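Participant:
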Amino acid sequence: MRVASGVGLPLHSPAAAVVFTTVLTMGPLSRVDVAERTGLSSAAVTKAVRPLLTAGYLEETPDQRVHVGRPASPLHVRSDAAFFVGVKVTADELIGVVTDLRARIRSVRHRPLTDRAVRPVVAGIAELARDLLDDDPAYQQNVRSLGVAMAGDVDRAAGRVRYSPLPGWRDVPLGDLVAAATGLVTVAENDVRALTVAEQWFGAGVGVSSFALVTVGTGIGCGLVMNNAVIQGSHGVAGEIGHVLAEPDGPECHCGNRGCVESIAGAAALGAELRAVAGNPTMSAAEAMARAHAGDERLRAGYRRAGRAIGLALATVANLVGPQRIVLSGEGLTAVGLYQDEVRDTFAARAFGAAVDCELILRPLRFEQWARGAAAVAIQTLITPAR
Ligand SMILES: [Zn+2]
Numbered sequence: 295m296r297v298a299s300g301v302g303l304p305l306h307s308p309a310a311a312v313v314f315t316t317v318l319t320m321g322p323l324s325r326v327d328v329a330e331r332t333g334l335s336s337a338a339v340t341k342a343v344r345p346l347l348t349a350g351y352l353e354e355t356p357d358q359r360v361h362v363g364r365p366a367s368p369l370h371v372r373s374d375a376a377f378f379v380g381v382k383v384t385a386d387e388l389i390g391v392v393t394d395l396r397a398r399i400r401s402v403r404h405r406p407l408t409d410r411a412v413r414p415v416v417a418g419i420a421e422l423a424r425d426l427l428d429d430d431p432a433y434q435q436n437v438r439s440l441g442v443a444m445a446g447d448v449d450r451a452a453g454r455v456r457y458s459p460l461p462g463w464r465d466v467p468l469g470d471l472v473a474a475a476t477g478l479v480t481v482a483e484n485d486v487r488a489l490t491v492a493e494q495w496f497g498a499g500v501g502v503s504s505f506a507l508v509t510v511g512t513g514i515g516c517g518l519v520m521n522n523a524v525i526q527g528s529h530g531v532a533g534e535i536g537h538v539l540a541e542p543d544g545p546e547c548h549c550g551n552r553g554c555v556e557s558i559a560g561a562a563a564l565g566a567e568l569r570a571v572a573g574n575p576t577m578s579a580a581e582a583m584a585r586a587h588a589g590d591e592r593l594r595a596g597y598r599r600a601g602r603a604i605g606l607a608l609a610t611v612a613n614l615v616g617p618q619r620i621v622l623s624g625e626g627l628t629a630v631g632l633y634q635d636e637v638r639d640t641f642a643a644r645a646f647g648a649a650v651d652c653e654l655i656l657r658p659l660r661f662e663q664w665a666r667g668a669a670a671v672a673i674q675t676l677i678t679p680a681r
């Protein structure tokens, strides 16, 4: 394992990287716990920990509770030791956050995007990063790197956006462009995979070696972690469950097929369907939700249909890859109360055999969390360099 240059983390061996990652994602932990979880000897743990304590990345806090006759001093990561910028590029705005080393959001800024061409987007990211760094003098000194996340086919290893829904974005060296514009070590990643990294290191994926994150927004995405590794896909495509067939005679999908999960349950498709059902071309998502909660049966049926499509998608993931846990999230889940029974019932009906035991966690997602995902990827490059 190579050590990222210029980011300052004293990881002199693969064992040190494993120890630091373990404390970062599972801490606070005693040295004995670290040794148990990593399979390293206590001498190896002590050797790995010493330079990290000296450099201020780890701390030992005396614990007043007495364990087996002696006080324990658990190790934990000092959150303020480093900060990270995360930026999510959407079609109409840039969302930026600064997080600490434990991926907690410290600052948030939004910047409207009027021109989606590469050059103005990169300039906008640089200005957003500058504004974020101005929020606190500590950021200026301790920001280590920047992560940028967007939808599409993003080759993280090469730092390139091979394809994105933004017009004109083909094979863009986004990592290098943003690094040149900001002066920060930069890593570019697909937005769903970035969010998956955030879950893997700092969320529902901690402690499980395989899980899936399914996001419901305008699109329906899926990030997969198998044997502790985020699946990249040989062709930049993996987990495209939005285009699994849910209804053979269903609505047309933007991919050219019919009845895809996304053409029924994606936020844009569902919104259009609900407006058509209500005969109200200007009805907002919030209004549709309110009316459904108030008892409008036609709208409720529309949400239930979306829930069945999502449940089928989740069962497909469980049947194909057998994750220990599936997290269903995304901004589309604000309406989850209207269809969670259909999600769970369809999942139970379609998951094969013991796959039905896969744990389902349903929770909505705030937009800032996408930018936090980008920051989590930047944090990861402290330990596993981007390239
Ligand atoms: Zn499709």
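Counting in the working numbering, the sequence shown tops out at residue 681, every number present. The beta carbon of each residue, even a glycine, is placed where N, CA and C say it ideally should be. Just so we're clear, the structure is a prediction, and the values are computed from it rather than from any experiment.
1. State the DSSP-derived secondary structure class of Met295, mapped to helix, strand or coil.
2. When you compare the stretch 345-353 with the stretch 401-418, are there three or more beta-carbon pairs, one atom per stretch, that lie closer than 8 Å?
3. Straight-line CA distance for Val611 to Ser528?
4. Less than 8 Å between the C-beta atoms of Val491 and Leu627, yes or no?
5. In the stretch 604-663, which residue ranges form an unbroken alpha helix (DSSP H) of at least 4 residues, counting only runs that do not cross its ends?
6. For the 8 Å Cβ check, are there 3 or more pairs between the stretch 453-465 and the stretch 580-587?
7. Between the stretch 379-397 and the stretch 416-425, do at least 3 Cβ pairs fall closer than 8 Å?
8. How would you write the range of the beta strand (DSSP E) that Asn484 sits in, first residue to last?
9. Return the bridge partner residues of Ala342 from the DSSP annotation.
10. Return helix, strand or coil for Tyr351, following the three-state DSSP convention.
11. Measuring straight from C-alpha to C-alpha, what distance separates Gly533 and His587?
12. Whose CA, out of Ile673, Ile604 and Leu659, lies closest to the CA of Ala642?
13. Confirm, please, whether the CB-CB distance from Pro542 to Ser557 is below 8 Å.
14. Using the C-alpha atoms, what's the distance from Val317 back to Ser336?
15. The alpha helix (DSSP H) spanning Val500 covers which residue range?
16. Helix, strand or coil for Pro459? Go by DSSP, reduced to three states.
Facilitator: Quick look at the numbers:
1. Only weak support is given to the placement of Met295: the predicted model assigns it a pLDDT of 29, under 50, and the value that follows is read from those uncertain coordinates. Residue state, collapsed to three classes: coil.
2. no
3. Looking at the backbone, the Cα of Val611 and that of Ser528 are separated by about 18 Å.
4. no
5. 634-644
6. no
7. Contact between the stretch 379-397 and the stretch 416-425 is present: 3 or more CB-CB pairs across the two stretches fall below 8 Å.
8. Asn484 -> beta strand (DSSP E) spans Val479 to Asn484.
9. Ala342 is not bridged to any residue.
10. coil
11. 32 Å
12. Ile604
13. no
14. 14 Å
15. It is not in any alpha helix (DSSP H) - Val500 carries neither H nor E in the DSSP assignment.
16. Under the three-state reduction of DSSP output, Pro459 falls in the coil class, being neither helix nor strand.
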